[in-house]
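*Asks:* Numbers in this note's numbering are just positions in the sequence shown, counted from 1, shifted up by 223. All C-beta atoms in this analysis are idealised placements derived from N, C-alpha and C, irrespective of residue type, glycine included. This structure is a prediction, so every number in the text was calculated from the model and none was measured.
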Amino acid sequence: MGVDLVGRGVGFAEFWTERRLASLSSVRPDGRPHVVPVGVTVDFASGIARVITFRHSVKARLVAGAGASGLAVAVCQFEGAHWSTLEGRAVLRDDAASVAEAVARYARRYRQPKENPARVVLEIVVSRVLGNR
Numbered sequence: 224m225g226v227d228l229v230g231r232g233v234g235f236a237e238f239w240t241e242r243r244l245a246s247l248s249s250v251r252p253d254g255r256p257h258v259v260p261v262g263v264t265v266d267f268a269s270g271i272a273r274v275i276t277f278r279h280s281v282k283a284r285l286v287a288g289a290g291a292s293g294l295a296v297a298v299c300q301f302e303g304a305h306w307s308t309l310e311g312r313a314v315l316r317d318d319a320a321s322v323a324e325a326v327a328r329y330a331r332r333y334r335q336p337k338e339n340p341a342r343v344v345l346e347i348v349v350s351r352v353l354g355n356r
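(1) Starting from Ser321 and walking both ways along the alpha helix (DSSP H), at which residues does that stretch end?
(2) For Ser350, is the classification buried or exposed, using 16 other Cβ atoms within 10 angstroms of its Cβ as the cut-off for buried?
(3) Could you please give the first and the last residue of the uninterrupted beta strand (DSSP E) stretch that includes Phe301?
(4) When burial is assigned at 16 or more other CB atoms within 10 Å of the CB, is Leu244 buried or exposed?
(5) Label Leu345 either buried or exposed according to how many other C-beta atoms from any shown protein chain fall within 10 Å of its C-beta, with 16 as the threshold for buried.
(6) Where do the ends of the alpha helix (DSSP H) carrying Glu237 lie?
(7) By DSSP's criteria, His279 is part of a beta bridge. Which residues make up the other side?
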């Protein structure tokens, strides 16, 4: 379970549920950064952020390659002067229940994604929150 995100207030929750994109940052094995735009959803009760993607994407391969301990990542979004970053460890989930839950959350925040048989989920257990939201 991640850090307490419920106690951060209404403004924080609204910021992470309104429709906006984020960036996902990780580090490749050779030390170079990998930063990509993503849609992210946050489960405030559990402290978990989720990113849906396809199995062969670079981000999915980096997370899968890290194994059970996960990969250190950050998701950041901003609007004008307001910004928030969620740091944590991402693990790859490919079971039907995890994918279905992540897709349902994504559909509520953004739109229903197209069918994708290669879809997987990056689950990020949030360990630190930065920002002014």
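*Replies:* Per the coordinate set shown:
(1) Indexing the sequence shown from 1 puts residue 321 at position 98. Start and end: 319-332.
(2) On the sequence shown, position 127 is the one that residue 350 refers to. The residue is exposed, with fewer than 16 neighbouring Cβ atoms inside 10 Å.
(3) To locate residue 301, count along the sequence shown from 1; it is residue 78. Element bounds for Phe301: 294-302.
(4) Here residue 244 corresponds to residue number 21 of the sequence shown, with the count starting at 1. Counting Cβ neighbours within 10 Å, Leu244 comes out exposed, since fewer than 16 surround it.
(5) For this step, residue 345 is matched to residue 122 along the sequence shown. Looking at its Cβ environment, which holds 16 or more other Cβ atoms inside 10 Å, Leu345 is buried.
(6) As a working mapping, residue 237 is identified with position 14 in the sequence shown. Per DSSP, Glu237 belongs to the alpha helix (DSSP H) from 233-238.
(7) Counting from one through the sequence shown, the residue named residue 279 turns up at place 56. Answer by DSSP bridge pairing: none, since His279 is not bridged.
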